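Using our numbering, you'd call the opening residue of the sequence shown number 385 and step up by one each time.
Working notes for the structure below.
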Amino acid sequence: MALKSFIDVPSDSHFPIQNLPYGVFSVGAGSARVGTRIGDYVLDLARLETDGYLPHAHPVFSCDSLNPFMELGRDAWRTVRDRLQRLLAADNATLRDNTSLRASTMIPVQNVTMHLPVRIGDYTDFYSSREHATNMGTMFRGKENALMPNWVYIPVAYHGRASSVVVSGTDIHRPRGQIKPDDGAPILAASKVMDFELEMGYFVGAGNELGTPIPVDRAADHFFGMVLVNDWSARDIQKWEYQPLGPFLAKNLATSVSPWVVTLEALEPFRCASPLQDPPVLPYLEHAQEQAYDIDLEVLIQSAAMTEPFPISRSNFRYMYWTIAQQLAHHTITGCNMRHGDLLASGTLSGPTPETYGSMLELTWRGERPIELPSGETRKFIQDGDRVTVTGWASNEDFTVGFGEVTGRILPCL
Ligand code: CA
Numbered sequence: 385m386a387l388k389s390f391i392d393v394p395s396d397s398h399f400p401i402q403n404l405p406y407g408v409f410s411v412g413a414g415s416a417r418v419g420t421r422i423g424d425y426v427l428d429l430a431r432l433e434t435d436g437y438l439p440h441a442h443p444v445f446s447c448d449s450l451n452p453f454m455e456l457g458r459d460a461w462r463t464v465r466d467r468l469q470r471l472l473a474a475d476n477a478t479l480r481d482n483t484s485l486r487a488s489t490m491i492p493v494q495n496v497t498m499h500l501p502v503r504i505g506d507y508t509d510f511y512s513s514r515e516h517a518t519n520m521g522t523m524f525r526g527k528e529n530a531l532m533p534n535w536v537y538i539p540v541a542y543h544g545r546a547s548s549v550v551v552s553g554t555d556i557h558r559p560r561g562q563i564k565p566d567d568g569a570p571i572l573a574a575s576k577v578m579d580f581e582l583e584m585g586y587f588v589g590a591g592n593e594l595g596t597p598i599p600v601d602r603a604a605d606h607f608f609g610m611v612l613v614n615d616w617s618a619r620d621i622q623k624w625e626y627q628p629l630g631p632f633l634a635k636n637l638a639t640s641v642s643p644w645v646v647t648l649e650a651l652e653p654f655r656c657a658s659p660l661q662d663p664p665v666l667p668y669l670e671h672a673q674e675q676a677y678d679i680d681l682e683v684l685i686q687s688a689a690m691t692e693p694f695p696i697s698r699s700n701f702r703y704m705y706w707t708i709a710q711q712l713a714h715h716t717i718t719g720c721n722m723r724h725g726d727l728l729a730s731g732t733l734s735g736p737t738p739e740t741y742g743s744m745l746e747l748t749w750r751g752e753r754p755i756e757l758p759s760g761e762t763r764k765f766i767q768d769g770d771r772v773t774v775t776g777w778a779s780n781e782d783f784t785v786g787f788g789e790v791t792g793r794i795l796p797c798l
């Protein structure tokens, strides 16, 4: 029998009592503070903490980021989650029967503004879907050299830009950059080949000391939780700049994240096996346990002429070849120190079949197979006025743990 709340949570909600993600919200001109989400309500954790309903020695929720809470580590995260599940349980009268406490702590979700949940120090973007890496390699270098020889040994990544990570709902202006036409010298122009990348991101909560790697089997203790990520990408800028050091300005224009950070505890029931790794990985990347997560993902697009979003891709987080534990173990094997608030992203999560591809570049195969929209329009890449939305959820027979969505619109170049 699944745990139930006294709050009426719609059966298709992403936010039952089994989820309880963390986010940063404000109401009107009020200050930003930490809350959790249950059904269609935001529960004000700053207020609950001030009133003595939450268990720690010093306050961590009356601030505009999750960092102070994340820094406390896994035991504190578990304690707060247990307390919240008890407070919200159907058989607990503390909040259920206290009308004034409910009125002061439970806010209808349509009345809040969500903010970037975490103060992000560093952002690293991996490249961990074998299908995506193969598709990109095939398009950029040809089928024979599609997958680089190091790819099956190293969780490949680049150091991204933390300052331009934005919360869902932030519109993005088409970037300008240096582009090389096929038949001439490079020019400075608005990107003509804007794309999204379907990814997931995971925040480091507890860091490590410089010089002390995080072992692969301890990695899960360091991750606080996950979000949906859209890594906006300007493919024409990328094509001219990416060799020899990888992406730079093609990726720093903006990266969008969903506002609710879903904890690894909430995702625990959805752990599953990762793809078979062949050749075998080096010992420092070997897991004792299953470390992948079965999370369904969907990308939808809505042009200015459309009245509702249209699904164009359906993928899953479990397609990722390198797990989040392997990524973190590899990232720190040199002794590189991670800090609370650091963001790691998966890289584009393309699956094995064309409808599971996680970018326009792959879905339309470089624009050769345009997508037809219900409005009669076609798309090779993202046009001005287009809205891209990513949603994701994990389900079993009893409940769904979802991420809500990350959405953003491309506006004309300034
Ligand atoms: Ca990416």
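Ideal placement from N, C-alpha and C gives every residue a C-beta, glycine not left out.
It should be emphasised that the depicted structure is a prediction, and the values quoted were computed from it without experimental measurement.
| Check | Outcome |
| --- | --- |
| Assess contact between the region 538-552 and the region 637-646, defined as three or more Cβ pairs (one per stretch) separated by less than 8 Å. Is contact present? | yes |
| Where the beta carbon is closer than 5 Å to any heavy atom of ligand 1, which residues qualify, in chain order? | Asp509, Glu581 and Asp615 |
| Pairs of beta-carbons, one from the region 726-733 and one from the region 758-772, closer than 8 Å: are there three or more? | no |
| Per DSSP, Ile556 is paired with what? | Ile794 |
| Can you round the beta-carbon distance between Gly407 and Met490 to whole angstroms, since I take them to be within the 8 Å contact cut? | Between Met490 and Gly407 the Cβ distance is about 15 Å, and since that is not below 8 Å, they are no contact. |
| Does the beta-carbon distance from Leu404 to Ala713 come in below 9 Å? | no |
| So is Ser575 buried or exposed if we call it buried at 16+ other beta carbons inside 10 Å? | buried |
| For Lys388, tell me which candidate among Arg431, Phe453 and Arg470 has the shortest Cα-Cα distance. | Arg470 |
| For Gly786, which beta-bridge partners are listed by DSSP? | Trp777 |
| What are the boundary residues of the beta strand (DSSP E) that includes Gln686? | Asp680 to Gln686 |
| Leaving out five residues on either side along the sequence, give the residues of the same chain with a beta carbon under 8 Å from the beta carbon of Asp396. | Thr784 |
| Report, in whole angstroms, the separation of the C-beta atoms of Ser513 and Tyr677, which I expect to be a contact under 8 Å. | Not quite, the Cβ-Cβ distance comes to about 14 Å (not below 8 Å), so this is no contact. |
| First and last residue of the alpha helix (DSSP H) that includes Ser446? | Looking at the DSSP string, Ser446 is not in any alpha helix (DSSP H), and its letter there is neither H nor E. |
| So, with DSSP's three-state summary, where would you put Gln562? | strand |
| Just checking my contact of Val611 with Ala709 at CB under 8 Å: how many whole Å lie between their CB atoms? | Actually they are not in contact, since the Cβ atoms of Val611 and Ala709 sit about 18 Å apart, beyond 8 Å. |
| Nearest-angstrom Cα distance between Asn519 and Ala530? | 7 Å |
| Would the beta-carbon of Asp428 fall within 9 Å of that of Gly419? | yes |
| Keeping to the same chain, check which residues put their C-beta closer than 8 Å to that of Pro693; ignore five residues upstream and five downstream. | Leu684, Ile685, Gln686, Arg771 and Thr773 |
| In its own chain, which residues sit with a C-beta less than 7 Å from the C-beta of Pro492, not counting the 5 before and 5 after it? | Asp424 and Tyr425 |
| Rounded to the nearest angstrom, what separates Tyr668 and Ala541 at their Cα positions? | 17 Å |
| So, with DSSP's three-state summary, where would you put Ser734? | coil |
| Could you compute how far the alpha carbon of Glu674 sits from the alpha carbon of Thr707? | 9 Å |
| What does Tyr406 pair with, by DSSP beta-bridge criteria? | Thr420 and Val645 |
| Under three-state DSSP, which class holds Phe580? | coil |
| In angstroms, rounded to a whole number, what distance separates the CA positions of Pro664 and Asn780? | 31 Å |
| Which residue wins for smallest C-alpha separation from Asn700, given the options Phe632, Asp615, Ile621 and Thr740? | Thr740 |
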